[in-house]
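Numbering (the numbering used here), first residue to last: 10 to 261. From the three backbone atoms N, C-alpha and C, an ideal C-beta is built for every residue, glycine too. This one's a predicted model, so the numbers in the text were calculated from it and none came from an experiment.
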């Protein structure tokens, strides 16, 4: 928030330019329209783009939440709203990639054509947060549905929502620190009792996992969280967010 105005404007314009839309030869009927793809920052267009995902999109929308309200930002949020609606399943949960057969949808599928990807907790937390960053009145219902999904999948230690056929591959454990991170950032959007339960669990789990040198490390390398730099970064944000939430509750 203390960033210089010109720097903020440059970063805002960079993020806006990276959103997949007509400038990237992505039309409104495309599943990818309105999301963010890292390839777009290198000038890739059309078929060169590998696909949007809810994690990158959540970071982009979080960065834009304090951007000055103007037509370009408003239009970006409208496009993102459309993309998010395509990424949310009927059960209220979210998938990672909007194109359902994408292998990045790590909880796998309920049908042979892979058109019905299972919701799971990390993209659902990302999706819930993304909806909140839009600052739009009509996101209430999809947010309520995603909150309800999370309440039905209460696991905190490893990523919730993986059906039996998707277990044992390593994703649940490999995404552990990212799950703590996105859960903790979503706490203010959950009912207080549910949020407090998760916050308590996140703090206890992380304090128990800190290594003697102060770092964190995931023994499962599937998502590169075996790198202490990545795991520690995610863990510290999760601890800060969960602790802040608990402190605010204590002050009430």
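Query	Result
What is the rounded straight-line gap between the Cα of residue 236 and the Cα of residue 229?	10 angstroms
From the DSSP output, which residues share a beta bridge with residue 162?	Beta-bridge pairing links residue 162 to no other residue.
By Cβ distance below 6 angstroms, which residues in the same chain neighbour residue 12 in space, the five residues on each side in sequence not counted?	none
According to the Cβ coordinates, are residue 105 and residue 115 closer than 8 angstroms?	yes
Would you report the Cα separation of residue 85 and residue 43, rounded to the nearest angstrom?	7 angstroms
Which first and last residues belong to the alpha helix (DSSP H) in which residue 183 is found?	180 to 183
Would a C-beta distance cut-off of 8 angstroms place residue 135 and residue 67 closer than the cut-off?	yes
Can you tell me whether residue 219 is helix, strand or coil according to DSSP?	coil
Distance check for residue 63 and residue 182, CA to CA, integer angstroms please.	19 angstroms
Check this for me: beta carbons of residue 133 and residue 91, under 8 angstroms apart or not?	no
Which residues does DSSP list as the beta-bridge partners of residue 97?	103
Helix, strand or coil: which one does DSSP assign to residue 92?	helix
Find the nearest neighbour of residue 143 within the set 227, 221, 185 and 88, judged by alpha-carbon distance.	88
Would the stretch 207 to 215 count as touching the stretch 245 to 258 if we require 3 or more Cβ pairs under 8 angstroms?	yes
Residue 108 by DSSP, collapsed to three states: which one?	coil
What would DSSP say about residue 257, mapped onto helix, strand or coil?	helix
In chain order, what residues of the same chain have a beta carbon less than 6 angstroms from the beta carbon of residue 204, not counting five sequence neighbours either side?	196
I'd like to know whether the C-beta atoms of residue 46 and residue 70 end up nearer to each other than 8 angstroms.	no
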